[in-house]
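Asker:
Residue numbers (our numbering): 707 to 853.
1) Just verifying my parser: in three-state terms, what is the DSSP assignment at residue 731?
2) Once you ignore the five residues that flank residue 813 on each side, which residues in its own chain have a CB closer than 8 angstroms to its CB?
3) Which of the three DSSP states is assigned to residue 851 in this structure?
4) Residues in the same chain with beta-carbon distance under 8 angstroms from residue 784, minus the five sequence neighbours each way, listed in chain order, please.
5) Evaluate residue 788 with the Cβ neighbour count: other Cβ atoms within 10 Å of its Cβ, from every protein chain shown; 16 or more gives buried, anything less gives exposed.
6) For residue 815, which option in 730, 770, 831, 743 has the closest C-alpha, if you only look at C-alpha atoms?
7) Once you ignore the five residues that flank residue 786 on each side, which residues in its own chain have a CB closer than 7 angstroms to its CB?
Given below as structure tokens:
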């Protein structure tokens, strides 16, 4: 889930990676940073992997074609439509991911076990493919940084 206990004596590792304050004093403006550790947290922390997996399953079920699914994912994450360049690049990743999962079907079931949310009803390679796209979108600077 997205909720965590906040202990004053122990800061959750994800919060620590993103420069959360210790809550010992009031902080009006947090420093902005962008570190490799933050990228590793976003790519490997079970919370973020599960969020991408669930978004991927709903994206796979959302449209009749890849373009519609990509538009759905962009709306869910970024509240906008993708540019032509973004669409072309991400649809290329979709094709590559489908080929990879067709060659290694066991990856689909392994990925579906991440987190507490139940796997997609069909546990398909489509859901896993779109989870990859969800991971890309959730890791964009545009997604994680508020300007």
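Glycine included, C-beta positions come from ideal geometry on N, C-alpha and C.
Answerer: Taking the coordinates as given:
1) coil
2) 806, 807, 834
3) coil
4) 843, 846, 848, 849
5) buried
6) 831
7) 780
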